[in-house]
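Worksheet: the structure to be examined is printed underneath.
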Amino acid sequence: MKKRLIQLLAIIMLLALGTCVCFASPTVVSPGANSVHDGDSILVSVKLTEKQTIRVSVIRQMEEVKAAVYETTVDEAGNEQTKEVSPAEYKPYDASKLTEADVALLAAGETKDAKGNPIKLSNGSAVKTLYGETVSGPVDYKNASDLGFYTKQISSLKPGLYVIQVDVLGKKIEQKEGEEASEGDYEIIESVKSYVALKEKPKETPVADNGIFSTRNTALQFLQNLLRSLFR
Amino acid sequence: MDNKRVLQLKMTVLVVLFLGAILLLYLLWMPENAELNISRIFDFGRAPVQTMDHRGLLVPDSVNISRGDGSFTLQVRECEKSMELALSILKEYYSYGFLQLEEISREQYLQALDGFRSAELDFGFSLPFGFIAELGGFEESGAAAELLISRICFSSAARDSVILVDGQSPGFWRLVFSGPIDCMARFSALELEDEPALAWRADSMLGLGNDELLPLAMSSNAIGFEIRPEAYGDEYLAQDMAEDIFGDTFDFVRRISDSFGNVTYMYGYGEKSFYAGIDGYFEYTSSAAGSEATGFSEDLQRALAFIEACGGLKKTGESTGLRLCGYSESGGRVKDRTFLFTQSFGGRPVAVTEGAGLKVSLSGGSITGFTRRLYRWMTGLYGDVLPCAEASNVIASNSNHIYNILNNNTLAAASSEAFEFAAGETVSMLPGYFADSMDQLNPCWILRTKDGTAFYFDLYNGRPLGFCRSQL
């Protein structure tokens, strides 16, 4: 009897585990994770393998130049009050020298390693804490089939480090009385992020320098052309 | 009034009455749907047909302009302008002097196109480069003339070169010339009325190893409208075509008609046969192959002459001329050739249930096969601009349909397996029109696969409308 009960429990556990595994996360197909691109436009392509609603945002990564200054005062009742004197200043993170490995380190978000030493990028600079500024979106997209894609080209982007953030939306959060409806009124089940560094497109170089068409053995080429002409 | 005058008056009245009787009899017995055609009553000869010139036959399916950052714009209308420009650039290159032809790799081709500003004219099928030289009015008698190519590319990666691509084999070549031309400045200066669609490589969009281009979000004002088979109201078309095909031997041809009204004309024991369906489908087959060693252009001229002689092309309303949309050749010195032609509307190809509207096969310079299903329409219709179904989602939602048809399989495959297969097999996806069996012209996506099968999906909701296997 006890053995049967254990078997039954095991089956129930397996079924429960199965339903958990069924939940499929969206995949950011493009831009590739931790990739580096030349140019000012990117293709955002998100693959969805179940019926779900997603919210897609393109966020530019900024670094802090000057920290915010706060002033603390004590009122007559003896309560401390903090007031911002000057706001923090940010500038776009310079991605011109980033490699794919650097983007991966920045995506991990860790500034120090296990020993407490600062993590460094390939150019020797330390990994910094970055802040986001939304440049495109958020856009909500509802996938009504078992397999679907959200695709959009984002153009006229400036060079920098960008994050494609995909939030899987759940139930609508009920608004309290007196509160205004906002874009964030959905429960976010899961967030997927993909980092991409965008660099300025290098100037086009003439054929001799761009290395695409290397000079081939001209004698062999001549022979090939001759044979083609003879047997055509 | 003297007797002579009275007699003349009587004669005139008699002639008028006689002619009136003929006209009334014709009106009484003519078929319900037939249009009144005076030339039929008093046989003045055939109605004039559109003269066919091979110069306007070749129009690219799409012109793909790269910005050099992986993104493309896809021009599917007004491609004639780009074709003219490409021919003039090629002529200029040849005037500088041709240096060499070299084979390049697929990687080099992709690098030159994706990493640099470039323009690619995609014809959707392969044809000899020598024919393009003939159209452009420049001489190419060397090895390049015999290359079968489906794409011509100009890239700022190599301003002294033209890249030729055979998408079917596949093969990639580079023609190197003595002088450089800034082709991209000329393509950028091309004034187009339509805003081209954006496109990316399929592997960027779908995440699978396919480097063909797929359009991104598109919008269109195309709507469906009713059309008529070309034989509608012209009950003499079939007989005229039969007379033209069989010529002097028409008196010895057997005419077999079935209860539906379809007619088969047969000469001898089936050496030559011509089928005329009441739905406007015509088919001719002949077992008499020729033995001449003809060239591409010569065979094309013969095919056009055959079309012109057998029904021709009646220019009515907005139905436009023909476009060459497929070609195949086989054999050695004496070649078998097949040409496919399609009608077009609003710069987009019109596919029919058989695929292409016209197919002409030649063997050794003689016509051995001919199929024809053409339509006519007086006024095309356009509606409001609406967003089209996204190409990626059309493939995703129809992947099982594509998988089953390409594998002749009625069992459903796992959705991921079917999707990977369908996405990997896709060669192109462009907007067009599909004429269904209910005589309705529907705006559609035309998805072509590696084996030449064409799938037609509704342009706005992505539902399947039909498919057609390769006719070549």
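These protein sequence lines are chains A and B, in that order. Mapping of the first sequence onto numbering that gives the first Met the number 0: position 173 corresponds to residue 172, and the numbering continues sequentially without gaps. Mapping of the second sequence onto numbering that gives the first Met the number 0: position 397 corresponds to residue 396, and the numbering continues sequentially without gaps. Backbone N, C-alpha and C define an ideal beta-carbon position, used for all residues, glycine too.
When the options are compared against residue i, the one with the closest alpha-carbon
{"i": "B:Tyr-108", "options": "B:Arg-173, B:Ser-81, B:Glu-91", "result": "B:Arg-173"}
{"i": "B:Thr-341", "options": "B:Lys-358, B:Leu-299, B:Val-262", "result": "B:Lys-358"}
{"i": "B:Asp-450", "options": "B:Asn-406, B:Gly-141, B:Thr-284, B:Met-204", "result": "B:Asn-406"}
{"i": "B:Leu-205", "options": "B:Ile-394, B:Asn-2, B:Leu-410, B:Ile-445", "result": "B:Ile-394"}
{"i": "A:Gln-152", "options": "B:Tyr-283, B:Arg-105, B:Arg-200", "result": "B:Arg-200"}
{"i": "B:Glu-389", "options": "B:Glu-229, B:Ile-88, B:Asp-457", "result": "B:Asp-457"}
{"i": "B:Ser-160", "options": "B:Ser-168, B:Tyr-274, B:Ser-177, B:Ala-237", "result": "B:Ser-177"}
{"i": "B:Trp-444", "options": "B:Ala-417, B:Asn-392, B:Gln-470, B:Ala-411", "result": "B:Asn-392"}
{"i": "A:Val-134", "options": "A:Pro-117, A:Val-57, A:Phe-148, A:Leu-104", "result": "A:Val-57"}
{"i": "A:Val-126", "options": "A:Tyr-185, A:Leu-105, A:Val-191", "result": "A:Leu-105"}
Reduced DSSP category for residue i - H, G, I as helix; E, B as strand; rest coil
{"i": "B:Lys-334", "result": "strand"}
{"i": "B:Cys-78", "result": "helix"}
{"i": "A:Lys-151", "result": "strand"}
{"i": "B:Arg-468", "result": "coil"}
{"i": "B:Leu-207", "result": "coil"}
{"i": "B:Cys-182", "result": "helix"}
{"i": "B:Arg-158", "result": "coil"}
{"i": "B:Arg-4", "result": "helix"}
{"i": "B:Met-128", "result": "Here the sequence assigns Phe to residue 128 of chain B, which means Met is not the residue at that position. The answer is helix: DSSP assigns B:Phe-128 an H, G or I state."}
{"i": "B:Phe-115", "result": "coil"}
{"i": "B:Gln-167", "result": "coil"}
{"i": "B:Gly-316", "result": "Here the model assigns B:Gly-316 a pLDDT of 45, short of 50, so the residue's position is not dependable, and the following value carries that caveat. B:Gly-316: coil per DSSP, three-state reduction."}
{"i": "A:Ala-125", "result": "strand"}
{"i": "B:Asp-121", "result": "strand"}
{"i": "A:Ile-172", "result": "coil"}
{"i": "B:Arg-200", "result": "strand"}
{"i": "A:Ile-58", "result": "strand"}
{"i": "B:Thr-352", "result": "coil"}
{"i": "A:Asp-112", "result": "coil"}
{"i": "A:Phe-212", "result": "coil"}
{"i": "B:Ala-308", "result": "helix"}
{"i": "A:Glu-132", "result": "strand"}
Classification of residue i by the beta-carbon crowding that lies within 10 angstroms, buried from 16 upward
{"i": "B:Met-377", "result": "exposed"}
{"i": "B:Phe-41", "result": "Because the pLDDT of B:Phe-41 is 47, which lies under 50, any placement of that residue in the model is unreliable, and the question is left without a value."}
{"i": "B:Ile-401", "result": "buried"}
{"i": "A:Gln-164", "result": "buried"}
{"i": "A:Ala-76", "result": "exposed"}
{"i": "B:Tyr-92", "result": "buried"}
{"i": "B:Met-240", "result": "buried"}
{"i": "B:Phe-281", "result": "buried"}
{"i": "B:Glu-31", "result": "With a pLDDT of 47 at B:Glu-31, under the threshold of 50, the modelled position of this residue cannot be trusted; read the value that follows with caution. With fewer than 16 other Cβ atoms within 10 Å, it is exposed."}
{"i": "B:Met-183", "result": "buried"}
{"i": "B:Gly-136", "result": "exposed"}
{"i": "B:Phe-71", "result": "buried"}
{"i": "B:Pro-214", "result": "buried"}
{"i": "A:Val-64", "result": "exposed"}
Any non-hydrogen atom of the ligand SAH closer than 7 Å to residue i Cβ
{"i": "A:Val-57", "result": "Within the structure as shown, the ligand SAH is missing, as the structure has no ligands at all."}
Proximal chain A residues relative to residue i, where beta-carbon distance stays under 8 Å
{"i": "B:Ile-103", "result": "Phe-212"}
{"i": "B:Glu-389", "result": "Phe-148, Thr-150"}
{"i": "B:Ser-474", "result": "Residue 474 of chain B lies beyond the stretch modelled for chain B, which goes from 0 to 471, so this question has no answer here."}
{"i": "B:Ala-111", "result": "Ile-211, Phe-212"}
{"i": "B:Asn-220", "result": "Simply none; closest approach about 22 Å."}
{"i": "B:Arg-173", "result": "Phe-212"}
{"i": "B:Phe-418", "result": "Leu-146"}
Proximal chain B residues relative to residue i, where beta-carbon distance stays under 8 Å
{"i": "A:Glu-203", "result": "Gly-67, Phe-115, Arg-116, Ser-155, Ala-156"}
{"i": "A:Asp-145", "result": "Ser-414"}
{"i": "A:Val-28", "result": "Ser-203, Met-204, Leu-205, Gly-206"}
Proximal residues of chain B, C-beta to C-beta of residue i below 9 Å
{"i": "A:Pro-37", "result": "With the sequence shown as reference, residue 37 of chain A is identified as Asp, and Pro is not the correct amino acid for it. Those are Gly-67, Asp-68, Gly-69, Gly-114, listed as they occur along chain B."}
Chain-ordered neighbours of residue i on chain B, where CB pairs are closer than 7 Å
{"i": "A:Lys-308", "result": "Residue 308 of chain A lies beyond the stretch modelled for chain A, which goes from 0 to 231, so this question has no answer here."}
{"i": "A:Ser-40", "result": "Asp-68, Ser-70"}
{"i": "A:Lys-200", "result": "Gly-67, Asp-68"}
Cutoff 8 Å: residue i Cβ touching any chain D Cβ
{"i": "B:Ser-414", "result": "Considering every chain present, this structure includes no chain D. Its protein chains are A and B."}
Contact list for residue i against chain A, beta-carbon separation under 9 Å
{"i": "B:Arg-150", "result": "None at all; the shortest Cβ gap to chain A is about 17 Å."}
{"i": "B:Leu-215", "result": "Leu-42, Thr-150, Lys-151, Gln-152"}
Residue i: contacting residues in chain A (beta-carbon distance under 7 Å)
{"i": "B:Leu-197", "result": "Gln-152"}
{"i": "B:Asn-392", "result": "Gly-147, Phe-148"}
Counting Cβ pairs closer than 8 Å, one from the segment 143-158 of chain B and one from the segment 103-120 of chain B, do we hit at least three? yes
Is there contact between the segment 85-96 of chain A and the segment 152-162 of chain A, where contact requires at least three CB pairs shorter than 8 Å? yes
Any contact between the segment 130-141 of chain A and the segment 24-42 of chain A? By contact I mean 3 or more CB pairs, one from each, below 8 Å. no
Pairs of beta-carbons, one from the segment 202-217 of chain B and one from the segment 361-373 of chain B, closer than 8 Å: are there three or more? no
Are three or more beta carbon pairs between the segment 337-352 of chain B and the segment 412-432 of chain B nearer than 8 Å? yes
Does the segment 15-26 of chain B come close enough to the segment 281-294 of chain B to have 3 or more Cβ pairs within less than 8 Å? no
Okay, do the segment 77-87 of chain B and the segment 189-198 of chain B touch, 3+ Cβ pairs below 8 Å being the bar? yes
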